[in-house]
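*Asks:* This is the structure, below, for whatever I ask next.
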Amino acid sequence: EAGVVQSPRYKIIEKKQPVAFWCNPISGHNTLYWYLQNLGQGPELLIRYENEEAVDDSQLPKDRFSAERLKGVDSTLKIQPAELGDSAVYLCASSLESGQGEAFFGQGTRLTVV
Amino acid sequence: DAKTTQPPSMDCAEGRAANLPCNHSTISGNEYVYWYRQIHSQGPQYIIHGLKNNETNEMASLIITEDRKSSTLILPHATLRDTAVYYCIVRADYGQNFVFGPGTRLSVLP
Chain A
1 EAGVVQSPRY
11 KIIEKKQPVA
21 FWCNPISGHN
31 TLYWYLQNLG
41 QGPELLIRYE
51 NEEAVDDSQL
61 PKDRFSAERL
71 KGVDSTLKIQ
81 PAELGDSAVY
91 LCASSLESGQ
101 GEAFFGQGTR
111 LTVV
Chain B
1001 DAKTTQPPSM
1011 DCAEGRAANL
1021 PCNHSTISGN
1031 EYVYWYRQIH
1041 SQGPQYIIHG
1051 LKNNETNEMA
1061 SLIITEDRKS
1071 STLILPHATL
1081 RDTAVYYCIV
1091 RADYGQNFVF
1101 GPGTRLSVLP
């Protein structure tokens, strides 16, 4: 069974440009998370979805970040415009309905803003 | 903020048991203890979790103290591939997020 799939694996963009990351969770997993990880630190939650509803987006910088999970399956995280400080690894994770049990993480997208 | 405290780093000799401690003195009765690890350039990998009983799987053992204020993750025979950052997380099973602290950087030495 495939795990959490993220793309692209790496992305380099110039500042002020838009960027989007895609995540396909494990089949049957209704809870989806987006995390941000800066170098040398643990992952930090950006947003959590239960099906297509964003139930916790309190840490998402809404002036430039947006996310969607249409049809409650795959999800897209967007940054527009990107800033130098957005350089980080963006991780997607999924778990079974209602956040039960463990979450499984994808490999992440490493973003470099120049 | 993370509800756990872990040492920033530890070393372990290859083939020996690695014992990684975690303090969670404010844990609530409905919160589980989860352990993840992150090998360089990969996403976090689930290892094990438990509520109050000790747990064992093919990767590791989890020992939770009777008062549940601390726990230890045991890798019985550490290999070089176990070198990673290990995260201890406490989380209720419903409706809570996984909150990561800085973790413990385990170095397995040949």
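Keeping their order, the protein sequence lines are chains A and B.
Take 1 as the starting number for the first sequence in this note's numbering and just add one per residue.
Take 1001 as the starting number for the second sequence in this note's numbering and just add one per residue.
C-beta: ideal position from N, C-alpha, C; glycine also.
1) With DSSP as the reference, label A/Leu-70 as helix, strand or coil.
2) Which residue marks the beginning of the beta strand (DSSP E) containing A/Leu-39, and which one marks its end?
3) Mapping DSSP to helix, strand and coil, what is A/Arg-9?
4) So A/Asn-30 and A/Glu-50 are supposed to be a Cβ contact under 8 Å. How far apart are they, rounded?
5) Excluding the five sequence neighbours on either side, which residues of its own chain have a C-beta within less than 6 Å of the C-beta of B/Val-1099, listed in chain order?
6) State the beta-bridge partners of A/Phe-104 as determined by DSSP.
7) Listed in chain order, which residues of the segment 3-26 of chain A have Cβ atoms closer than 7 Å to some Cβ of chain B?
8) What residues from chain A crowd round B/Gln-1042, counting only those whose CB sits closer than 9 Å?
9) In terms of residue numbering, what span does the beta strand (DSSP E) encompassing B/Asp-1011 cover?
10) Looking only at C-alpha atoms, which of B/Asp-1093, B/Gly-1103 and B/Pro-1102 sits nearest to B/Ile-1027?
11) Taking the CB atoms as reference points, tell me whether A/Gln-37 and A/Gly-106 lie closer together than 8 Å.
12) At 4 residues or longer, and completely inside the segment 1024-1103 of chain B: list those alpha helix (DSSP H) runs for me, N to C.
13) Please identify, using Cβ separations under 7 Å, the residues of the segment 1009-1025 of chain B that lie next to chain A, in order along the chain.
14) Between B/Pro-1102 and chain A, is any beta-carbon pair separated by less than 8 Å?
15) Tell me whether the beta-carbon of B/Thr-1004 lies closer than 8 Å to the beta-carbon of B/Ile-1064.
16) Check distances from the C-beta atoms of the segment 45-57 of chain A to those of chain B and list, in chain order, the residues that come in under 9 Å.
17) Under a CB-based cut-off of 8 Å, is A/Leu-120 close to chain B?
18) From what residue to what residue does the beta strand (DSSP E) around A/Ser-75 run?
19) Could you tell me which of B/Arg-1037, B/Arg-1068 and B/Arg-1091 sits nearest to B/Ala-1060, measuring between CA atoms?
20) Closest to A/Lys-16 by CA distance: which of A/Gly-108, A/Asp-57, A/Ser-87 and A/Leu-96 is it?
21) Are the CB atoms of A/Glu-44 and A/Gln-59 nearer to each other than 8 Å?
22) Quick one: list the residues of chain B neighbouring A/Glu-102, beta-carbon separation under 8 Å, in chain order.
23) Count the other C-beta atoms from every protein chain shown that fall within 10 angstroms of the C-beta of A/Ser-75, then say buried if there are 16 or more, exposed otherwise.
*Replies:* The relevant details are as follows:
1) helix
2) Unbroken run through A/Leu-39: none, as it is neither H nor E.
3) coil
4) 6 Å
5) Ala-1002
6) A/Ser-94
7) none
8) Phe-105, Gln-107 and Gly-108
9) 1009-1013
10) B/Asp-1093
11) no
12) none
13) none
14) yes
15) no
16) Leu-45, Arg-48, Glu-50, Val-55 and Asp-56
17) One cannot answer for residue 120 of chain A here, as it falls past the ends of chain A, which runs 1 to 114.
18) 75-79
19) B/Arg-1037
20) A/Ser-87
21) yes
22) Tyr-1034, Tyr-1046 and His-1049
23) buried
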